[in-house]
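Asks:
Below, the structure is given as C-alpha cells:
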C-alpha cells in the first residue's frame, strides 16, 4: 500500500488562507487607524511600503478574485453605467464597479479606501488612467513611480536605473510625510533577505517544469502559486509559503504525479488566463493531455526564473532593476526572446497565445509574435482569444474548436511522423 | 484659382497622398537628406530637423487605405491608426523613411514600436519615453539624457551631428512655424466661416509632411489672404472638439460638423503638430530648452499623466478662452486613453453645466449620417438653451 | 464496406458516404434547423439511399462541424478544420491553402501535401465576410442567394461597399439602390468586400498555391472570381465544395476503419 501524500494541496490551500487573512486585515485597517496604499502588480514595491506600515491593496488582484468568483460581470456593468466604454480594460471596470457598490469583495470583506495611490507605472499605461480615475473618485493623493519602457536588447541603462532610484527615494519621503515614520533600514534589509530567499524557492518551483513529465502546470497552477510573491513579498509568511510549496513540488517529483494523468503535449502559454471561465478553459487543454511548462503571465510581477534577485546590499538599485525588468515593461524583441528561451529551456512542443481583449499591453504584438513563431521559427503556435475579466467575451464553442483543431493537427502530425 | 485656393488644394493633395510623394521628393532633391517618420503626440521634431532629417507624420492611412496585411498582425479590437500605419509600412510605401520614432502615448502605440522593429529591422526604430512623474526633478534629468541619446542615434543615421548650434536653429525655425499654426487657429476662431474645419486641418497636417521653411511661407501667405477671402458669414454654435489627439477623423466628418452648424473653435486635431502652447523659454542651452517644451509648455492631453482635476480644469479653461458653447468628444473607435478621459471630463463638464456630446469615428467610415444628426441636434439644443436664457 | 462523414454546420448538415475504395457512394444535405440529431439522421438516410445501403450498415462514422458532439451515431469527432484540409487535398492534391466560407464563420487553413493542417486562422467572432453577409445582401435586394453570384458577374461599374457589419450593410445597399445603382454593380461590390476580408484572413496563414475554396459559398461563381482577382491566384472550387467537411470526415472514418480492420487481422 502506498503512503498517503503529505504535501499535496498546500500550494492552493495556504495561498488561499494567506489571501483570506490579508483581506481581513485590510477590512480592519481603517478602524485601527492604519494606513492603506493601493499599488499595481507589475513593478510592485511591497518591501518599501510595508516598511512604513502601509497595508497593501492590489486592485488587479481584486479584479481577478471577482472574475474567478463570477461577480466581475456585474461590476463591469456598473462601471459601464458610469460611462466606461465596452472596450476599456475589464480589470479597471471591475474596480470602478466594485467601488461604486461599496467595495465589498465576493468573500464578504470590505476594502478600505486608499491613503495613497502609488501608481508604479511599469509596463502598462492603463495603470496611469486607472489611478487617475481612483484619485478622482476617492479624492486620494496619487504618486507616479515612472518606470521607463525598456529599449534595445540589453536591459535597463544606468540612466533609467538612476531615474527610478531617485523616484523611490522621493516616494520614501512621501511615505514619511503621510505616516510620520522614517524608513527603517534594518527592517528593509530583513524584508529584502526574505524576498531573495522567496525568489530562489519560487525559481526552483518553476524550474521543476523542465522535467518530463512536468510536476506542475506552469500556467494554470502557477497563476495561483504566484500570488504571494507578488503581493506579500518581503514577509515571513511569503517565505514560509514557498518553503511549503517547494515540498509539495518535490513530493510530486518523487511520486511521479503531475497536473494531468498522462502528459502528451508540453506548451508555453503567453497571455493572461480567462479568469471568469478558468476551470472550463483549463479542461479544454487537459482533454488533450496538455501541460504548460512555462508561461509569461506568471512573470507579470517579476521575472525571477532567469536568475534575477533583489539584493539587500543594493536595496534601491535592485528594486529599480526589478521594476524595469517586469514582463510587460520589456519590449517585444525581449518578450519574444524570453518565450523562445522558455520553449527551449523547458522543452515545449508548441506555443499557445491567449489574446485578451482587455489588456493591450499584453495583447498588441501577439498576432505578430504568432507570425514570427510559425514562419521564422517553425514552432506550432495556437492563437485563441477571449478576455481576462469580462465573462461575456468567452465564446465557448469557438474556443473549443480552435483548441481541438490545433491539438488534433499536432497529434496527426506526430502520428504521421512516427509511421 | 487664387493663391489661397492653390495652397489649400496642394495641402489637401499632400495630406491624402499615401505614397508620400512630397517627402520623397524633398529627400531626393539634395544629397545627404533623410526622412524620419513619427507617430503622435509630444514628439520633439526640432531634434529630427537638427539632425538633418525631415520629420514626417506617419499617422495612419486615413480613408484611402485598404488594410490587408496589417490585420494579420494587429487584432480587430485595436484602433485603426495602428493597423493602417503598419499597412503603409508592410506595403512598401514607407521604404523611403530612414527611421521611425515612436513614443509613449498608450500601450498600443508603445507595442507598435516593437512590431515595427521586428518587421523593419534594417531601419532605425526608436522609442521615446516621456516622463510621467510630474513631481520629480529626476524626470528632467532623465529626459535630457534620453534626448541626447536620441540625438546621437539620429545623427548616426543622417551623418549629421546634432550640435548645439543646429539644435538652436531648429528651435528658432519651429518656433516660427508654431507661431503661425497658432495664429491660424486663432484667426479661424474669430471667424470660423472663413476657413472650414477641413481646410484648417489640411493646412495644419501638411506641416507634418513638408520642409518647415516652405510651410512657414505657405502659412504666412494664407494668413495674408484669409481676411480678404470672399466668405459668407454663417451662423453656428461654437464648440471645442476633444479626443482627436492621435488618429485623425475622416475629412468628411469634419465637413459634416461644419455643415451641421458646429463651428469647432478649439480642438486637439493634429495635436502632434500643435502640442507646444507657446514660444519656448530660451536659455543658452538648446537641449534644456527643448526638454523644457515638454515640461513647461506642453498642452495637456490624456496621454500624459496629470492630476485629473488639473486636466479637466485645463479643458474648461480652453473652453472659456475660445468662447465655446459646447464640447464635442470626437474619438477614434477603440482609442483606450480617450475612453478613460471621457468619463472624468464628463463629470467635470456636468459640474460646470457645460453641454457636450460624444461621437466615435474610424478611418474607413461608410456613413456619417448618424453623426450629422447628432451634431445638428446638439447645435439646436445649445441654441435653444441660449434662446431660453435670453428670454 | 461503407463509412460516413457527417458535417453538422450552423446552417446546413451534410453527409458523405464512401465505399472501401474511397469512392463517393452517396451524399445528403439538409438545413440544420433546431433539431441537430434529426438533421443528422436525415442526411445519413439520404446518403444511404444513394449508396444502396441501410444506415446500420455504415461501419464507421465521424462527426464534424459545430454540432459534432451531438451526433449520436458518430464513432468519433474531428474538427472541420482538419476535415476540410483532408477533403481539399484529396480532391485537389496541389492544395496548400484553403479558404472555407461557411454560413457563420470563415476559415483560412494552410496544409501540407498529406492534407495535414500546418496553420489555421478563423473569423469566428462576427458574420462579416461569411455566408450570412451574402444572405443578408440577397434578402434586402429581394433576390435568392443562389442567383446573386451570377448576377454579380454582369457588373459594369465598380461600387465600393464599405460597411463590414452584416446589419449595417443592408442600409448601405438600400442607399445605393435608391441612388439608381444597378443590382449587378452593387452585388459585385458586396462580393469584393467579402473577398477583401477573406484576403485579410488568408494573409495570417500565408497564401501558398494552390488555393482551394470550400464551403457552401464556394459554389457562388461571383465569389470565386472575386477571390481570384483579389489574391491573384488560381482558385480550385467545384460543386463538391459544400461537402468538403463531410468528405474529409468520411476519409478519416475510412482511415480509422481500415486501421482497425488491420489491427484485428494482426491480432488473429
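Chains as they are written, first to last, in the working numbering: chain Z, 80 to 498; chain U, -12 to 378; chain L, 12 to 279. Virtual Cβ for every residue (Gly too), placed ideally from N, Cα, C. Values in this document were obtained by computation on a predicted structure and should not be read as measured data.
(1) Comparing the C-beta of residue 331 (chain U) with each C-beta of chain Z, is any distance below 8 Å?
(2) Which complete beta strand (DSSP E) runs does the region 442 to 470 of chain Z hold, if anything under 3 residues is left out?
(3) DSSP puts residue 119 (chain L) in a beta bridge; with which residues?
(4) To which residues of the same chain is residue 248 (chain U) closer than 6 Å at the C-beta, ignoring the five residues directly before and after it?
(5) Of all the alpha helix (DSSP H) runs that stay within the bounds of the region 120 to 196 of chain U, which reach a length of 4 or more residues?
(6) At 9 Å on the CB atoms, spell out the chain L contacts of residue 55 (chain U), in chain order.
(7) Between the region 149 to 166 of chain L and the region 129 to 139 of chain L, do three or more beta carbon pairs fall short of 8 Å?
(8) If distances are taken between C-alpha atoms only, which option among Z:407, Z:229, Z:222 and Z:240 comes closest to residue 499 (chain Z)?
(9) Have a look at U:123, U:130, U:128 and U:90 and flag the residue whose alpha-carbon is nearest the alpha-carbon of residue 113 (chain U).
(10) Distance, Cα to Cα, residue 89 (chain Z) vs residue 89 (chain L)?
(11) Please specify which runs of the alpha helix (DSSP H), each continuous and at least 4 residues long, are wholly inside the region 271 to 323 of chain Z, giving them in chain order.
(12) Would you report the Cα separation of residue 176 (chain Z) and residue 168 (chain Z), rounded to the nearest angstrom?
(13) Taking beta-carbon pairs under 7 Å, can you tell me which members of the region 176 to 190 of chain L lie near chain U?
(14) Report yes or no: is there a C-beta of chain U within less than 8 Å of the C-beta of residue 174 (chain L)?
(15) Which value, in whole angstroms, describes the spacing of the CA atoms of residue 343 (chain U) and residue 170 (chain U)?
(16) What residues are listed by DSSP as bridge partners for residue 87 (chain U)?
(17) Give me whichever residues DSSP pairs with residue 222 (chain L) in a beta bridge.
(18) So, helix, strand or coil for residue 30 (chain U), using DSSP?
(19) Using a Cβ-Cβ cutoff of less than 6 Å, which residues in the same chain neighbour residue 57 (chain L) once the five nearest sequence positions on both sides are dropped?
(20) Between the alpha carbons of residue 99 (chain U) and residue 473 (chain Z), how many angstroms are there, rounded?
(21) Classify residue 254 (chain L): buried if its beta carbon has 16 or more other beta carbons within 10 angstroms, exposed otherwise.
(22) Starting from the Cα of residue 126 (chain Z), find the closest Cα among Z:465, Z:371 and Z:398 and give me that residue.
(23) The alpha helix (DSSP H) with residue 499 (chain Z) in it runs from where to where?
(24) The region 315 to 334 of chain Z: which residues have C-beta closer than 7 Å to a C-beta of chain L, in chain order?
(25) Where DSSP assigns a beta bridge to residue 253 (chain U), which residues make up the other side?
(26) Name, going along the chain, the residues of the region 394 to 410 of chain Z whose beta-carbon falls closer than 7 Å to a beta-carbon of chain U.
(27) Confirm, please, whether the CB-CB distance from residue 44 (chain U) to residue 259 (chain U) is below 8 Å.
(28) Is the separation between the beta-carbon of residue 5 (chain U) and that of residue 51 (chain U) shorter than 8 Å?
(29) Suppose the cutoff is 7 Å on Cβ atoms and the five residues either side in sequence are ignored; what does the same chain contact list for residue 244 (chain Z) look like?
(30) Given a threshold of 16 other Cβ atoms within 10 Å of its Cβ, counted over all protein chains shown, does residue 42 (chain L) qualify as buried or as exposed?
(31) Using only the alpha-carbon positions, how far apart do residue 315 (chain Z) and residue 388 (chain Z) sit?
(32) For the alpha helix (DSSP H) holding residue 161 (chain Z), just list the boundary residues, first then last.
(33) If you draw a straight line from the alpha carbon of residue 221 (chain L) to that of residue 229 (chain L), how long is it in whole angstroms?
(34) How is the alpha helix (DSSP H) around residue 54 (chain U) delimited, first residue to last?
(35) List the residues of chain U whose Cβ lies closer than 9 Å to the Cβ of residue 434 (chain Z), in chain order.
(36) Using a Cβ-Cβ cut-off of less than 9 Å, give me the residues of the region 324 to 353 of chain U that come near chain L, in sequence order.
Replies: Here's the rundown:
(1) By 1-based counting over the second chain, the position of residue 331 (chain U) is 344. For residue 331 (chain U), the answer is yes, since a Cβ of chain Z falls inside 8 Å of its Cβ.
(2) 460 to 465
(3) Numbered from its first residue, the third chain carries residue 119 (chain L) at position 108. L:110 and L:132, per the DSSP bridge assignment.
(4) Numbered from 1 along the second chain, position 261 holds the residue referred to as residue 248 (chain U). Only 223 and 366 meet the Cβ criterion.
(5) 125 to 145, 151 to 177 and 184 to 192
(6) Working through the second chain from its first residue, we reach residue 55 (chain U) at position 68. Simply 207, 210, 211, 214 and 241.
(7) no
(8) Outside the shown range of chain Z, which is 80 to 498, sits residue 499 (chain Z), and nothing can be said about it.
(9) Translated into positions along the second chain, residue 113 (chain U) becomes position 126. When each option's Cα is compared against that of residue 113 (chain U), the closest is U:90.
(10) Counted from its first residue, the first chain places residue 89 (chain Z) at position 10. Counted from its first residue, the third chain places residue 89 (chain L) at position 78. When rounded, the distance between both Cα atoms is 39 Å.
(11) 301 to 304 and 306 to 310
(12) Numbered from its first residue, the first chain carries residue 176 (chain Z) at position 97. Numbered from its first residue, the first chain carries residue 168 (chain Z) at position 89. Cα-Cα distance, rounded: 12 Å.
(13) 183
(14) Here residue 174 (chain L) refers to the residue found at position 163 of the third chain. Cβ-Cβ to chain U under 8 Å: yes for residue 174 (chain L).
(15) The sequence position of residue 343 (chain U) within the second chain is 356, counting from 1. The sequence position of residue 170 (chain U) within the second chain is 183, counting from 1. Whole-angstrom Cα-Cα distance: 26 Å.
(16) Position 100 of the second chain holds residue 87 (chain U). For residue 87 (chain U), which the question treats as bridged, DSSP gives the partners U:24 and U:112.
(17) Within the third chain, numbered from 1, the residue matching residue 222 (chain L) stands at position 211. DSSP lists L:108 and L:246 as partners of residue 222 (chain L).
(18) The sequence position of residue 30 (chain U) within the second chain is 43, counting from 1. Reduced to three states, the DSSP call for residue 30 (chain U) is coil.
(19) The residue you call residue 57 (chain L) lines up with position 46 of the third chain. Here the set comprises 39.
(20) Position 112 of the second chain, counting from 1, holds the residue named residue 99 (chain U). Position 394 of the first chain, counting from 1, holds the residue named residue 473 (chain Z). Taking the straight line joining both Cα atoms gives about 26 Å.
(21) In the third chain, residue 254 (chain L) corresponds to position 243, counting from 1. Classification of residue 254 (chain L): buried, given that the 10 Å Cβ count is 16 or more.
(22) By one-based count along the first chain, residue 126 (chain Z) stands at place 47. It is Z:398.
(23) In the structure displayed, chain Z extends from 80 to 498; residue 499 (chain Z) sits before or after that span and is not available.
(24) none
(25) Translated into positions along the second chain, residue 253 (chain U) becomes position 266. Beta-bridge pairing links residue 253 (chain U) to U:227.
(26) 410
(27) Here residue 259 (chain U) is taken as the residue at index 272 of the second chain, counted from 1. Here residue 44 (chain U) is taken as the residue at index 57 of the second chain, counted from 1. Closer than 8 Å, so yes.
(28) By 1-based counting over the second chain, the position of residue 5 (chain U) is 18. By 1-based counting over the second chain, the position of residue 51 (chain U) is 64. Closer than 8 Å, so yes.
(29) Stepping through the first chain from its first residue, residue 244 (chain Z) is reached at position 165. Around residue 244 (chain Z): 395, 396 and 399.
(30) Along the third chain, read from residue 1 onward, the residue named residue 42 (chain L) stands at position 31. With fewer than 16 Cβ atoms within 10 Å of its Cβ, residue 42 (chain L) is classed as exposed.
(31) In the first chain, the residue the question calls residue 315 (chain Z) occupies position 236. In the first chain, the residue the question calls residue 388 (chain Z) occupies position 309. Going by the C-alpha atoms only, they are around 17 Å apart.
(32) Taking the first chain and counting its residues from 1, the one referred to as residue 161 (chain Z) is at position 82. Neither: residue 161 (chain Z) is in no alpha helix (DSSP H) and is coded neither H nor E.
(33) Counting from one through the third chain, the residue named residue 221 (chain L) turns up at place 210. Counting from one through the third chain, the residue named residue 229 (chain L) turns up at place 218. Using only the alpha carbons, I get a separation of about 15 Å.
(34) Locating residue 54 (chain U) in the second chain gives position 67, where the first residue counts as 1. No alpha helix (DSSP H) holds residue 54 (chain U); DSSP gives it neither H nor E.
(35) Residue mapping note: residue 434 (chain Z) aligns to position 355 of the first chain, counting from 1. Near residue 434 (chain Z) (Cβ distances below 9 Å), the residues of chain U are 62.
(36) 351, 352 and 353
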